[in-house]
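Student:
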Amino acid sequence: MILLKKAPKSESKVPKKRKRRVSLLVYISSTLLAFFVGIFMTILIVGLNSRTSQQLDTSSAGFSKISQVYQTISQQYYRKTDQKKLINGAIKGMVNSLDDPYSEYLTGSDASNLDNTISGSFEGIGAEIQKKGNYVEIVSPIAGSPAKKAGLKANDVITAINGHSTAGWSATKTTNKIRGKKGTKVTLTIKRDQQSFKITLKRDVIPVKTVNARIDKQHPTVGYIQITSFSEPTFKEVKTAIKKLRQEGAKSFILDVRSNPGGIMQQALKISSMFVANGKTLMQVKARTGQPTVYKAGKSQDGGFKVKEPVKVLIDDGSASASEIFAAALNQSANVELIGTKSFGKGTVQQVSQLDKKSEFKITVAKWLTPNGSWINKRGLTPNIEAKYPSYAYLPMVSDQKTYQLEDVSSKIKTLQTELKAVGQDPGTINGYFSTTTQKAVVAFQAANNLDQTGKLDTATIDKLQTEITKKISDNDVAYNKAVEQLTK
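Mapping to full-length UniProt numbering: the sequence shown position 132 is 132, numbers consecutive.
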C-alpha cells in the first residue's frame, strides 16, 4: 500500500494548539500494508479536499431521522447505552455503506496504527493486503521480506491468523494481528485457488532499501534495476544506480517493478520523468467534479536527470498502485514495452481526515488515470509482451510440519510430486499417491542435497525442496530473459 508522507517542516509551521482536522496529504494505496511495509506511499494533491469543508444541510429529513434514532436508543433502550459506541457505529455504517475496501473509519489503536504506518517504522512479515469480500487478500509480498521468502503470492487469501478465523475482519484488524516484534512468529492460514494451507512466518524488520542494481553477467551492456517500492529515497537510489551502471558499461536498462506494491506517488512521478520527454503526461487525477489534474514530465520532477538509453519494464500481478503509475507513464508516454503478466489494477486515491485525537477515516476521493486517460482499476496494465512464470511457480506452499510416506494420499503430495519433477527427479504419476516411484525420487533428492535418505517427505526435505523451487524460479526468469533478448537483438 502507499503510505502517507509527512509534510516538510517548512509546511508545518502552525500553532502547536491548533488541531489537525483534515489532512491535505492524500495517499494512493493499493491497500493497507500490513505493517506491513512501514513506508506508505503518499501524494499531496492540492484542492482535492476542498469539498470536505463544504457545509451540508444537517436540518434535512435524513439527518433528522438519524437524530431521532439516536435519541430513541439513548432514552428508551432497555439497557444503558454507550454514547461513543452509538456514534462510532453510525459512522462505521455510513462508511461501510460505500462498499469500498479502501474507505474505512478508524478509532483507538486502529487510528494510531495507521498514523504509525504513515510515519513508517514497522516490524512484520512484509506483505501488502486489502479487503476482498469477507476476507483479506495479499496484494504483493515485499522483495526480501519473510512473506516473499516464504512464497506468499498476490491473491492469496488470509482465512485465519494463529488459528482464529479472519472472516469479517477489516484490513486494519488483520494488520494489527499480523504485526509484531522482530523474531516472533505468526501462523497464517492461506487459501490459494482451491487449496488451503498453513504457514508460519518469523516477523522481521522490513528492508528499507528500495533499489537493487547489477550488470547482467552474460550481457554486460544491460543494466538491471529492481525497484521494490516507491519510498522517500527511491528517486535518489534509482539515479545513483543508473550512474553506477553507466560507469560499469550499461547501454540499456531493465526496470523491474514486479511484486512492487507501490509507494509515494511523487517518487513514482519523479522517476517516471527521468525516462519521459519534458511536457509529456505522466498521469492524471480525476475527482468527482471538475477537470482532471494533469502531471507532466519536466525538470521540476526529475531535476534535469534524463535516461535516453533503451529501456524495458517488467510487471506482474503484484505490481500495484504507484508501480502502475510508473509503468503506464513509460509505456504510454515513452513507448517503453512492458514485459511480464497483467498488473494488479489499483486506480483510486484516498484521503485521510482526523475527526478527533482518537479517530480518523480514510475515504476514496478520486481516481487516477494513465497518460491516455485510461482507468485501470480492477483491470490492470496488459504487458506488450506476455512472459509468465513457469507453472511450478504457482504451486501452493506445503508447510504443515507433517511427514508424508509410502502409500499416503494427499493433495499436498501431488504438489510435492510436481516440485520433485521440476527439480529433475522422477516421482512417477503425479496424482497425490505416494508410490514406490515417488519414494525413490525422494531418496534421490535427499542424497543430492546431503539429507538423511529416509524416503519420507519430512519437514527438512520439504523445506529444501521448496528452497530449490524458489531458486529455480529465480534462475529461469522468463520475463527477464525476454527483456534481455529484446535489448540485445
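A virtual CB, placed ideally from N, CA and C, is assigned to each residue, including glycine.
Here the structure is a predicted model, which means the values were calculated and not measured.
1. Give the C-beta separation of Asp204 and Lys182 to the nearest angstrom, bearing in mind that I take them to be a contact with Cβ-Cβ under 8 angstroms.
2. Who are the Cβ neighbours of Thr221 in its own chain at under 7 angstroms, not counting the five residues just before and after it?
3. Could you say which of Glu407, Phe63, Ala334 lies nearest to Lys296 if we only look at CA atoms?
4. Inspect the beta-carbon positions of Leu369 and Ala327 and report whether they are closer than 9 angstroms.
5. May I ask which residues mark the beginning and end of the alpha helix (DSSP H) holding residue 490?
6. With DSSP collapsed to three states, give me the class of Ile271.
7. Report yes or no: is there a C-beta of chain D within less than 9 angstroms of the C-beta of Arg179?
8. For Leu106, count neighbouring C-beta atoms within 10 Å of its own C-beta (all shown protein chains included) and say buried if the count is 16 or more, exposed if not.
9. Going by beta-carbon coordinates alone, are Gly262 and Phe230 separated by less than 9 angstroms?
10. Would you grab the beta carbon distance between Ile129 and Val136 for me? Rounded to a whole angstrom, and I think it's under 8 angstroms.
11. Please report the residue range of the beta strand (DSSP E) in which Arg192 lies.
12. Do Ser474 and Gly318 have their beta-carbon atoms positioned less than 9 angstroms apart in this structure?
13. Taking Cβ to Cβ, would you say Asn372 is nearer than 9 angstroms to Gln332?
14. Which first and last residues belong to the beta strand (DSSP E) in which Val139 is found?
15. What residue from Lys464, Ser374, Ala171, Gly144 has the CA that sits closest to Gly347's CA?
16. Label Asn162 either buried or exposed according to how many other C-beta atoms from any shown protein chain fall within 10 Å of its C-beta, with 16 as the threshold for buried.
17. DSSP on Ser391, reduced to helix/strand/coil?
18. Thr436 and Gln417: beta carbons closer than 9 angstroms?
19. With distances taken between CB atoms, is the gap from Ile254 to Val313 smaller than 9 angstroms?
20. Straight-line CA distance for Leu32 to Ala171?
21. Lys185 to Lys299, Cα distance in whole Å?
22. In whole angstroms, what separates the C-alpha of Ala150 from that of Thr470?
23. If you follow the beta strand (DSSP E) that Tyr105 is in, where does it begin and where does it stop?
24. Let's test the definition: count the other Cβ atoms within 10 Å of the Cβ of Arg179 and tell me whether it reaches 16, buried, or not, exposed.
25. Buried or exposed: where does Thr341 fall if 16 or more other Cβ atoms within 10 Å of its Cβ makes it buried?
26. Count the other CB atoms, across all protein chains shown, that sit within 10 Å of the CB of Ala154; report buried if there are 16 or more and exposed otherwise.
27. List the DSSP bridge partners of Asn96.
28. Could you give the residue range of the beta strand (DSSP E) that holds Gln130?
29. Using 9 angstroms as the threshold, is the C-beta distance between Thr459 and Thr403 below it?
30. On a Cα-Cα basis, can you pick out the residue from Ala241, Ile227, Lys92 that is closest to Ile264?
31. Could you name the residues that DSSP lists as bridge partners for Leu255?
32. Let me check understanding here. Comparing Cα to Cα, which of Gln301, Thr289, Ser259 lies closest to Gly279?
33. Could you check which residue in Lys286, Thr364, Ile315 has the C-alpha nearest to that of Lys482?
34. Classify Val276 as helix, strand or coil using the three-state DSSP reduction.
35. Please identify the residue among Gln405, Lys362, Gly424, Thr364 whose C-alpha is closest to the C-alpha of Tyr392.
36. May I ask you to list the residues that DSSP assigns as paired with Ile363?
Tutor: So, from the data block:
1. 5 angstroms
2. Gly249, Ala250, Lys251, Ser252
3. Ala334
4. no
5. Within the shown structure, residues of the chain are numbered from 1 to 489, placing residue 490 beyond reach of any answer.
6. Helix.
7. No chain D is part of this structure, which consists of one protein chain only.
8. buried
9. Inclusion of Gly262 and Phe230 in the CB contact set at 9 angstroms is warranted, their separation being smaller than that value.
10. 5 angstroms
11. It spans 185–192 - the beta strand (DSSP E) in which Arg192 sits, taken as one unbroken run.
12. Not closer than 9 angstroms, so no.
13. yes
14. 135–141 is the span of the beta strand (DSSP E), which, as asked, contains Val139.
15. Nearest C-alpha to Gly347: Ser374.
16. exposed
17. helix
18. no
19. yes
20. Note that Leu32 scores 40 on pLDDT, short of 50, meaning its location in the model is unreliable and no value can be drawn from it.
21. Taking the straight line joining both Cα atoms gives about 46 angstroms.
22. Ala150 and Thr470: Cα-Cα distance of roughly 9 angstroms.
23. Per DSSP, the continuous beta strand (DSSP E) segment holding Tyr105 begins and ends at 104–107.
24. Arg179 is buried by the Cβ-count criterion.
25. By the neighbour-count rule (16 or more Cβ atoms within 10 Å), Thr341 is buried.
26. That one is buried.
27. Its beta-bridge partners do not exist; DSSP assigns none.
28. 127–132
29. yes
30. Ile227
31. Ile225, Val313
32. Gln301
33. Per the Cα distances, Ile315.
34. coil
35. Gly424
36. Gln351
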